[in-house]
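Numbering-wise (the numbering used here), the sequence shown opens with residue 2 and increments by one.
Read the structure below first, then the notes.
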Amino acid sequence: MAKKTLTRAERNILWCERNIYIPEGKFVGQPLKMAEFMKDDFRAIFDNKHGTRRAIISRGRKNAK
Numbered sequence: 002m003a004k005k006t007l008t009r010a011e012r013n014i015l016w017c018e019r020n021i022y023i024p025e026g027k028f029v030g031q032p033l034k035m036a037e038f039m040k041d042d043f044r045a046i047f048d049n050k051h052g053t054r055r056a057i058i059s060r061g062r063k064n065a066k
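As structure tokens, this is what we get:
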């Protein structure tokens with residue numbers, strides 16, 4: 002069976018969820034679990050066939066940042 006090739010965004014999402022831990026607060030020490038809208042942002046940035054030089058994402062407060 003052939004191995005599935007991950008996209009650049011999928012590789013980056015996996016890296017974040019495996020290597021980034023919550024630094025403080027109620028969930029301190031737990032691994033980051035990215036919300037779906039965060040994953041969508043990664044896909045839009047890293048899987049863009051034209052490439053992305055700079056991405057600026059702005060959201061209101063308290064949106065799972």
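Don't be surprised by glycine CBs; every beta carbon is placed ideally from N, CA and C.
From a predicted model like this one, the values you see are computed outputs, not experimental measurements.
**Asked** If you follow the alpha helix (DSSP H) that Leu15 is part of, which residue opens it and which one closes it?
**Response** Reading the sequence shown from its first residue, position 14 is the one you call residue 15. Residues 9-20.
**Request:** Please name the residue, chosen from Leu15, Lys63, Arg54, that lies closest to Pro32 on a Cα-to-Cα basis.
**Result:** For the purposes of this step, residue 32 is taken as the residue at position 31 of the sequence shown. Ranking the options by Cα distance to Pro32, first place goes to Leu15.
**Range of the contiguous alpha helix (DSSP H) that encloses Glu37** = Taking the first residue of the sequence shown as position 1, residue 37 is located at position 36. Here the alpha helix (DSSP H) through Glu37 covers 37-47.
**Request:** Using alpha carbons as the reference points, say which of Phe28, Glu18, Lys27, Arg9 lies closest to Glu37.
**Result:** On the sequence shown, position 36 is the one that residue 37 refers to. Selection Phe28, Glu18, Lys27, Arg9 evaluated against Glu37 yields Glu18 as nearest (Cα-Cα).
**Message:** Out of Lys63, Asn49, Ala56, which one is the CA nearest neighbour of Ala10?
**Reply:** By one-based count along the sequence shown, residue 10 stands at place 9. Comparing Cα-Cα distances from Ala10 to each of Lys63, Asn49, Ala56, the minimum goes to Asn49.
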